[in-house]
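As you go down the protein sequences, you meet chains U and A in turn. For the first sequence, position 184 matches number 165 in this note's numbering, and the numbering has no gaps at all. For the second sequence, position 47 matches number 28 in this note's numbering, and the numbering has no gaps at all.
2 protein chains.
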Amino acid sequence: MPQKLIPQTTVYRLSLYLRELERLEKEKRYYISSRELGKLTLISEAQIRRDLSYFGKFGETRLGYPRKVLIKNLRQILGIDNRVWKIALIGAGNLGKALLSYRGFRERGFFIKVIFDADPEKIGKNLKGIRIENIENLIPISRKEKLDMAIIAVPAEEAQKVALEVKKAGIKAILNFAPRRLNLPAGIIVKNVDLSMELENISFHLKRLKCI
Amino acid sequence: MPQKLIPQTTVYRLSLYLRELERLEKEKRYYISSRELGKLTLISEAQIRRDLSYFGKFGETRLGYPRKVLIKNLRQILGIDNRVWKIALIGAGNLGKALLSYRGFRERGFFIKVIFDADPEKIGKNLKGIRIENIENLIPISRKEKLDMAIIAVPAEEAQKVALEVKKAGIKAILNFAPRRLNLPAGIIVKNVDLSMELENISFHLKRLKCI
DNA sequence: GAATGTGAACACATTCACAGCT
DNA sequence: AGCTGTGAATGTGTTCACATTC
């Protein structure tokens, strides 16, 4: 496994490949070609070969990629092979609740271990069997539970403050749903899911359609 | 407004600029420089000037960009200046409900006009004052209401089928929350919000941290 | 013969660095 | 003097096209 520089986008596509390969559960054939996988994922075959080549040689000449072995490799590359990532969900509002019932988490080895909120009404109650803790206790609880990741689902105004606490707690990754760019020191992975930006992007392109 | 090719990423950043400029409501100064905006958005000043230059010359030499005028221009470019986009929400599950209570929609001129679901238990009921319609009626209702956009928040297995119906209904854009790549003919804008992919991306980077 | 893996070419995106302006 | 706007240089990501392999 050479340590070449891996494009950002490649990692996202690996998830896509994995998902489609897993959907082929009933498929009897041992091998799948980059062309076939390309048809399923809508990614060019050359792109697929390039993406995989960053991590090794998984294919066999004339045959293609052995499906199940490739699945195993992809899961290992993505870090979701029999490993558990422990998550803090911060914010027990509508979005937080929706995220709690998202099946994809558990399936992929992501476990929400603690929920935090600032609302005294909510603190102490349970959601899906998980206790809602006072956000004030974020740091001690995170450290005790050795949490890997925080999902920020609080109002925009709170997000930056919360993110700094998360960093202080030694958590190494954030998935941020608040419509606010987080300004954090290096050493923490941040991914943003920003609904406003997606909507405005669509709006931009819709407008172009109508004007041209 | 020259019709140069605009990078994908530029449009997303415009949203970011707009949001930060709007946050400066109390700011008394008329002008803001690309450097100052860069500090706020964590984008380089050169990038900001380049991004804006795709759409015109909004700045003034020696002074910077007139904040309020720039806001107006950005809103116009993004297509959210006193215009209403009519949306169908498809899927009245947990995620759908969470999206319904997202303030950002209304603020930006996005209005959820109809909700669709396949569950007979839900059809006919109301959510936030919006009636839940039978998904079977997607096409006639979409056409009558002249909907611009559909938000797909249904289970992965249903997403492709629903998307094809959306296309048939003449809707021109989709925001897809189902963990499934949609395969559609040209002529419809599709943006995916894919939680699994974000999680696996984080997992990938977390793993690297631990291994290196 | 039919696939992979990959150098080389190309396309796209960002940054540099400075002319031009007030 | 201090800003923008932008050619040119650089950096990053994708595609082409083919040598290689069984």
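Idealized CB from N, CA, C, for every residue including glycine. Because the structure is a prediction, the values reported are computed rather than measured.
Between residue i and chain U, is there a C-beta pair that is closer than 8 Å?
i, result
"residue -7/A", "yes"
"residue 35/A", "no"
"residue 19/A", "no"
"residue 78/A", "yes"
"residue 58/A", "yes"
"residue -17/A", "Residue placement at residue -17/A is poorly supported in this model, since its pLDDT is 40, which falls under 50; the coordinates still yield a value, given next. Output row for residue -17/A: interface = no."
"residue 85/A", "yes"
"residue 108/A", "no"
"residue 124/A", "no"
"residue 0/A", "yes"
"residue -10/A", "no"
Who are the neighbours of residue i on chain U, taking C-beta pairs under 9 Å?
i, result
"residue 89/A", "177, 180, 181 and 184"
"residue 152/A", "Within chain U, no residue comes near residue 152/A; the closest Cβ sits about 10 Å away, beyond 9 Å."
At what residues does the beta strand (DSSP E) containing residue i begin and finish?
i, result
"residue 171/A", "170 to 173"
Anything in chain A within Cβ reach of residue i, meaning under 7 Å, just list it in chain order.
i, result
"residue 143/U", "Residues of chain A passing the Cβ test: none, with the nearest at roughly 17 Å."
"residue 129/U", "187"
"residue 22/U", "162"
Just the C-alpha distance for residue i and residue j, rounded to the nearest angstrom, thanks.
i, j, result
"residue 196/A", "residue 29/U", "Absent from the model: residue 196/A. The displayed extent of chain A is -18 to 193, so no value can be given."
"residue 45/U", "residue 125/U", "46 Å"
"residue 128/A", "residue 154/A", "10 Å"
"residue 19/A", "residue 88/A", "24 Å"
"residue 35/U", "residue 53/U", "16 Å"
"residue 70/U", "residue 141/U", "15 Å"
"residue 94/A", "residue 185/U", "20 Å"
"residue -13/U", "residue 59/U", "13 Å"
"residue 174/U", "residue 9/A", "32 Å"
"residue 81/U", "residue 50/U", "31 Å"
"residue 2/A", "residue 48/A", "7 Å"
"residue 118/A", "residue 41/U", "49 Å"
"residue 194/A", "residue 97/U", "Limits of chain A in this structure are -18 at one end and 193 at the other, which puts residue 194/A out of reach."
"residue 147/U", "residue 120/A", "46 Å"
"residue 167/U", "residue 61/U", "24 Å"
"residue -8/A", "residue 84/A", "22 Å"
"residue 91/U", "residue 191/U", "42 Å"
"residue 177/U", "residue 172/A", "12 Å"
For chain A, is any of its Cβ atoms less than 8 Å away from the one on residue i?
i, result
"residue 61/U", "yes"
"residue 29/U", "no"
"residue 170/U", "yes"
"residue 10/U", "no"
Taking Cβ-Cβ distances shorter than 7 Å, what residues in chain U pair up with residue i?
i, result
"residue 75/A", "78, 79 and 82"
"residue 190/A", "153"
"residue 16/A", "Residues of chain U passing the Cβ test: none, with the nearest at roughly 16 Å."
Would you kindly report the start and end of the unbroken alpha helix (DSSP H) that includes residue i?
i, result
"residue -4/A", "-11 to 4"
"residue 10/A", "Where residue 10/A is concerned, there is no enclosing alpha helix (DSSP H), given that its DSSP letter is neither H nor E."
"residue 25/A", "Note, residue 25/A: premise wrong, no alpha helix (DSSP H); not H, not E."
"residue 36/U", "Neither: residue 36/U is in no alpha helix (DSSP H) and is coded neither H nor E."
"residue 198/A", "With chain A running from -18 to 193 in the structure shown, residue 198/A is simply not present."
Residues of chain U with CB under 8 Å from residue i, in chain order?
i, result
"residue 174/A", "174, 176 and 179"
Anything in chain A within Cβ reach of residue i, meaning under 8 Å, just list it in chain order.
i, result
"residue 25/U", "Under the 8 Å cutoff, chain A gives no residues; its nearest Cβ is about 14 Å from residue 25/U."
"residue 48/U", "Near residue 48/U there are no residues of chain A at all, since even the closest Cβ is about 18 Å away, more than 8 Å."
Chain A partners of residue i, CB-CB under 9 Å?
i, result
"residue -3/U", "162, 175 and 178"
"residue 156/U", "176, 179, 180 and 183"
Tell me whether residue i counts as near the ligand FMN, meaning its Cβ is closer than 7 Å to at least one heavy atom of that ligand.
i, result
"residue 5/A", "Looking at this structure, you won't find the ligand FMN or any other ligand, since it has none at all."
Every unbroken beta strand (DSSP E) inside the segment 40 to 111 of chain U [3 residues or more]: 66 to 71 and 91 to 98, all fully within the segment 40 to 111 of chain U.
Would you mind listing the alpha helix (DSSP H) stretches within the segment 106 to 168 of chain A that are 4+ residues and don't spill past its ends, in chain order? Runs of the alpha helix (DSSP H) inside the segment 106 to 168 of chain A: 119 to 126 and 137 to 149.
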